[in-house]
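Chemist:
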Amino acid sequence: MSYIYLESQDIIKMTGTRFYKRGLDYYNKGRVNQLSYNSSIQSWSATVKGAENYQVRIFVFEDDDLEATCHCPAYETHYTCKHIAAVLLAISQPNTQKQDPVEKRTDTDPFPLRMIEAFSPHNAKKTKADTPLLIHYHIKETKQPVGQDLLYNVSLKAGESNVYIIKDIKQFIESVIDQNDYSITQNLHYHPSQHVINNVDLQLIRLLQEAIVHAHLYGGEYTTYSKRDILIPPFLIDSFLDSVQYQSFDLTKEDGTVWSSITLQSESPQIPIRINESDNRDFEIDFSDLFDYQFLTHYHYLVDQNHFYKLSNEQSQSLKQIRDILPYRQKKSYQIGRHNMTQFLSFVTPKLETLGELTYSDAASRAILSDELQVELYIEENKQALTASVDFVYGDKRFGPNQTRSGSDAVVKRDISTENALIDRLKSAGFKWIHGRFHLFQVEAIYTFVHDVLPGLMNDCTVYLSESVENLQLDQEPTLKSSVSVNNETGMLSIDFDIDGISHDEVDELLKALIEKQQFYRTKKGPLIKLDDDSFEQFKELADRVKLKKQDIERNQLTLHGARSLEVNQVLTDQTEYTEAFSQLVEDIQQPEHVNYALPKSLNAELRDYQMTGYQWFNVLAKYNLGGILADEMGLGKTVQAISFILSEKQKENHLPALIVAPASLTFNWKKEFEKFAPTLSTDVISGSKNERRKKLSQDPLPDVWITSYPSLRQDIELYQNQLFDQFILDEAQVIKNHLTQTAKATRKITAKQRFALSGTPIENRLDELWSIFETISPGFLGPKQAFIKEDINDVKLRTRPFILRRLKTDVLPDLPERIEFEQYAELTKEQKQLYIGYLNRIEQQINEVIESDQFEKGKLEILAGLTRLRQICCHPSLFVENYEGESGKLNLLMTMIDQLREQNRRVLIFSQFSSMLQIIDQQLKDDHISSFYLDGQTPSEKRVQMAEAFNSGEKEIFLISLKAGGTGLNLTGADTVILFDLWWNPAVEAQAAGRAHRIGQQNKVEVIRLITEGTIEEKIFNLQQKKRELVDEILEPGETLLSSLSKDELKELIQLNIDE
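Taking full-length UniProt numbering, the leading residue of the sequence shown gets 1, the next gets one more, and so forth.
Below is the structure:
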């Protein structure tokens, strides 16, 4: 390394402008000598000639950071200097001549080598300053032009044996600080290398430098314009006096007296201030001793000759006020009229007592009433507000809060500070001074005053309370107690409340106040109760959870739905008693798998372990007349679990019929299942014409189980309303997800002891759908709909979990053959592509118009119709285009797949949402001499069951099924392949379709194949399906209706063209 690249700004940053300029002068004058570089320790060294030769070291680190040292006095103060600046300038030059006194290779680390360099003898100073420099401080007291306040100016003298005036005090101080030479006289010079200044003088010089900087920055009244002296600002006076008292100085006072020593006193002088009674019964105050002291207003000192007494801010302020009032002090004693003496004693003497010692003549002492203050406080209630009157009593004399005279010529020495403190306590409590009295209005402030402030006042004052105010105080803190029981007949909970310290007939009103979130409750006897007390927190939490209203509380009792038992058990923990029946209810609901209800002997089925748990769950909820949703994944046998439960209930005496409501396509399937698993029970499907259904409903004897469809129930609801049922089962309960439909309303009119729902997808979109199902099976459990749908999803999950039994095949049937899902992509034919692009452009224009007109929500149905056209083109344009003679890429793909599957002896279910598409496929199969079953919404229920049984028995290879008509209720385990010809908006419907084959009884793995037309809306729908699962995933399973939740951007994304034109 021959040099270091440094710009002038780099050096200025290290040394500062002042040292840089002086270092540049040294460098230009050639004062940098013996410059060398030690590569082993990466260090430059040089000698700089100044007052003496100074050794400089520059260390270079790996990141090009620099560290510099010098042995001059300036470096000891500033950690940089002009010598370092000079060396930095030298090594930054390209033509730097350097020596390398150390071998480049060494086995010693850099750090020890630097230590050797640092402590080597040649590093020591060759000369040492040893001549003391004497400094004398001349302090002059000067009066300011404005305000006539006294301040101190300081000038200096310096020398060796004799001292001489420093003509430029600022330049001298700067030279001392920077270790530069300074000419004191023509023949006497200050040389840092020769002269020693003691530490106290150095401390004072730095202090004077601070005064210079302050004057330069702030200017103002603490600035002097003389080169010889410096004005001491107030913030430095204490430090200055503390240091200068031990040095050589003289202090010239304003009156010309000179002091060469001072004493600093930490305590104030006890200055006598005398009060006398004059002959005319007035009073006189004598300030003669106080006025003998000199007051330095700005410095907060009281001075007696050369004795300095430091004053507190309060003392200084009092003295300043006296001086401002009596600036010229024409006399030393002043007359005080007897009528003003009470005020003088009250307001002035407390201040004077901080300055000195007040003494009273015997006559004055006899004339002044000095009794101790007694405070009398009168508090009463008026129109639900408090009023307070205060008397300050001294002997037989009384004063109000704003009263300054006693009403007589008596002179009273009042304790104003104590009086004011009492008034401040009232004001802090919220009292307002109105028309001669204190008033407190706010209920919260009244409560706080009575309970927190008043006890303290009663210790310090004589307090008189009216009877109504006394009644505001509680004898004991209120404690809310509760007792929880359950009615096994109705399944309802009863919670009885009691509150210690409150009459029994007032508990209702206090609880209602809590429900209304009031902050306080006033009992009839008077006590004011704060309702945010910890004792009430659990009740308030319960009220928030179950959305209590005032009318829910009656006779100190709350009645809740039994399904809220877990929440009650969780919230009401303190001061709560539970009946044995309630505790058993909580235990049963939390752990239904631990309950042991025996299976009916006549049950013609062997239940798996998880189905046995479902059977126990049914019985536990039925015991307490609580409803629930059996939400097992499709294919896990929800029907047999429900039948097992109904059969067990029918074994009891005096039983009533059970009512099963299912989609019309499943009613006969239910009948078949009852005949298979519970042949001892009589069943009847309520179907046929209106008259036929009426006859069946009035037959005698009644069958054990009635089975009807949702449409029939809706039409016949008046025929059911007089009939009481033991069990009411809703199959595929998502049918009533819209609580406003007539079907949903009809289900809520059925009277039954036990209500259950079966559904693989109990919610498909929003929480109001879950609410609708529960409102039928557990009326009131979830509370008002509008409040429920705003609840946090995690709260909903916790509340409904015990009443929704959900198991997945992967969890309970590890031996069930796997289900493999994958996609097959088809291409549009040339004719399809032309139609698709034409309709796509038209729909894109329609969507843009709807969005721009701000009618997005209203226009969704029209948009859906357009999107459906695009999907139909993907399936087969002839679905709506008359005389279309072209082909369908997807149909061609399907027929190819069918040929391959038949060769593998596969048995196939083909689903489509378009019945007309199934008809096209059916015709294509017939043309190829392939027989198949066909099922759509027009297929009678009995025929559905017959075809399913025939297919499972091995008849025919292919089953064409309408997605909506056959997506539920069919057991088609004879199939091992499911083809979804077109995608549905709702992925849950597709999952149901796949579940027709992948269910209990299936021995083979099941392949689910989605046919998707590449680059079209179908591909976009599939991608959206993967994203839109959040809500139902949180509670049960995917099931969101995509279209209802599509945003504008997502709609635009759906119609983006991803195919080659």
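We put the beta carbon where it would ideally sit given N, CA and C, even for glycine.
If you measure between the beta carbons of A744 and V705, is that distance less than 7 Å?
Modeler: Not a contact, by the Cβ cut-off of 7 Å.
Chemist: Exposed or buried, what is P192 when buried is set at 16 or more other beta-carbons lying within 10 Å of its beta-carbon?
Modeler: Buried, by the Cβ-count rule.
Chemist: Using 8 Å for Cβ pairs, my map puts Q699 next to F728. What's the rounded Cβ distance?
Modeler: 19 Å between Cβ atoms; not a contact.
Chemist: Just mark Q845 as buried or exposed, buried being the case when its beta carbon has 16 or more other beta carbons within 10 Å.
Modeler: Counting Cβ neighbours within 10 Å, Q845 comes out exposed, since fewer than 16 surround it.
Chemist: If you reduce the DSSP assignment to three classes, tell me which class H191 lands in.
Modeler: H191 falls in the coil class under three-state DSSP.
Chemist: May I ask which residues mark the beginning and end of the beta strand (DSSP E) holding T708?
Modeler: Taken as a continuous stretch (DSSP letters only), the beta strand (DSSP E) holding T708 covers V705 to S709.
Chemist: For G889, which residues in the same chain have their Cβ closer than 8 Å to its Cβ, ignoring the five residues on either side in sequence?
Modeler: Same-chain partners within the cutoff: A826, E827, L828, T829, Q832 and T1013.
Chemist: Tell me the DSSP secondary structure of Y360 in three-state form.
Modeler: Strand.
Chemist: List the DSSP bridge partners of P132.
Modeler: In the DSSP output, where bridge partners are listed per residue, P132 has V196.
Chemist: For H138, is the classification buried or exposed, using 16 other Cβ atoms within 10 angstroms of its Cβ as the cut-off for buried?
Modeler: The residue in question, H138, is buried, as its Cβ has 16 or more Cβ neighbours within 10 Å.
Chemist: Runs of 4 residues minimum, wholly inside the segment 919-976: which ones carry the alpha helix (DSSP H) assignment?
Modeler: You should have 941-952 and 963-966.
Chemist: By Cβ distance below 6 Å, which residues in the same chain neighbour I660 in space, the five residues on each side in sequence not counted?
Modeler: For I660, where only same-chain residues beyond five positions count, the Cβ hits under 6 Å are W670, I707 and I729.
Chemist: In chain order, what are the residue ranges of uninterrupted alpha helix (DSSP H) at least 4 long that sit wholly in the segment 774-830?
Modeler: With a minimum length of 4 residues, the continuous alpha helix (DSSP H) runs that stay inside the segment 774-830 are 785-788, 793-800 and 809-812.
Chemist: Just to check my reading of the structure: A385 and L426 have Cβ atoms closer than 8 Å, yes? What is that Cβ distance to the nearest angstrom?
Modeler: Their Cβ separation, rounded to whole angstroms, is 14 Å, which puts A385 and L426 out of contact at 8 Å.
Chemist: What does a CB cutoff of less than 6 Å around A68 pick up in its chain, not counting 5 residues either side in sequence?
Modeler: If we look at A68 and ignore the five residues flanking it on each side, its Cβ neighbours are I58 and I84.
Chemist: Let's test the definition: count the other Cβ atoms within 10 Å of the Cβ of Y75 and tell me whether it reaches 16, buried, or not, exposed.
Modeler: With 16 or more Cβ atoms within 10 Å of its Cβ, Y75 is classed as buried.
Chemist: What are the start and end residues of the beta strand (DSSP E) that includes H561?
Modeler: Note, H561: beta strand (DSSP E), Q557 to H561.
Chemist: Does the separation of the CB atoms of Y464 and Y521 fall below 7 Å?
Modeler: For Y464 and Y521, no; Cβs fall outside 7 Å.
Chemist: Taking the beta strand (DSSP E) that R398 belongs to, which residues open and close that run?
Modeler: K397 to F399 is the span of the beta strand (DSSP E), which, as asked, contains R398.
Chemist: Can you tell me which residues form a DSSP beta bridge with F249?
Modeler: Y137.
Chemist: Spell out the partners DSSP gives T751 in its beta bridges.
Modeler: Its beta-bridge partners are L724.
Chemist: Among the residues of its own chain, which have a CB less than 8 Å from the CB of Q616, if the five just before and after it don't count?
Modeler: Excluding residues within five positions, the ones whose Cβ falls inside 8 Å are P592, E593, V595, N596 and Y597.
Chemist: Which residues does DSSP list as the beta-bridge partners of C70?
Modeler: Paired residues: V56.
Chemist: Pick out whichever of W259, T263, Q247 and R206 has its Cα sitting closest to the Cα of L236.
Modeler: Nearest of W259, T263, Q247 and R206 to L236, Cα basis: R206.
Chemist: Using the beta-carbon count (16 or more within 10 Å), is H876 buried or exposed?
Modeler: H876 comes out buried.
Chemist: So, helix, strand or coil for A124, using DSSP?
Modeler: Confidence in A124 is poor, its pLDDT being 45 and thus under 50, which makes the residue's placement too unreliable to answer from.
Chemist: What's the call for N619, buried or exposed, on a 16-neighbour Cβ count within 10 Å?
Modeler: By the neighbour-count rule (16 or more Cβ atoms within 10 Å), N619 is buried.
Chemist: Could you say if the segment 150-164 and the segment 266-275 meet the contact criterion of at least three C-beta pairs nearer than 8 Å?
Modeler: In short, these stretches do not touch, since the Cβ pair count stays below three.
Chemist: Considering only their Cβ atoms, is the gap separating P478 from I499 smaller than 7 Å?
Modeler: A contact, by the Cβ cut-off of 7 Å.
Chemist: According to DSSP, is G159 part of a helix, a strand, or is it coil?
Modeler: It is a strand residue.
Chemist: Which residue marks the beginning of the alpha helix (DSSP H) containing F295, and which one marks its end?
Modeler: From DSSP, F295 is part of no alpha helix (DSSP H) but of the beta strand (DSSP E) over Q294 to L296.
Chemist: Once you ignore the five residues that flank Y610 on each side, which residues in its own chain have a CB closer than 6 Å to its CB?
Modeler: The answer, listed in chain order, is R807 and V812.
Chemist: Taking just the CA atoms, how far does E254 sit from S261?
Modeler: For S261 and E254, the distance between alpha carbons rounds to 16 Å.
Chemist: If you reduce the DSSP assignment to three classes, tell me which class T80 lands in.
Modeler: It is coil, neither helix nor strand.
Chemist: Is E522 helix, strand or coil by DSSP?
Modeler: In the sequence under discussion, the amino acid at residue 522 is Arg, which differs from the Glu named in the question. Note: R522 maps to strand in three-state DSSP.
Chemist: Just verifying my parser: in three-state terms, what is the DSSP assignment at A85?
Modeler: Three-state result, A85: helix.
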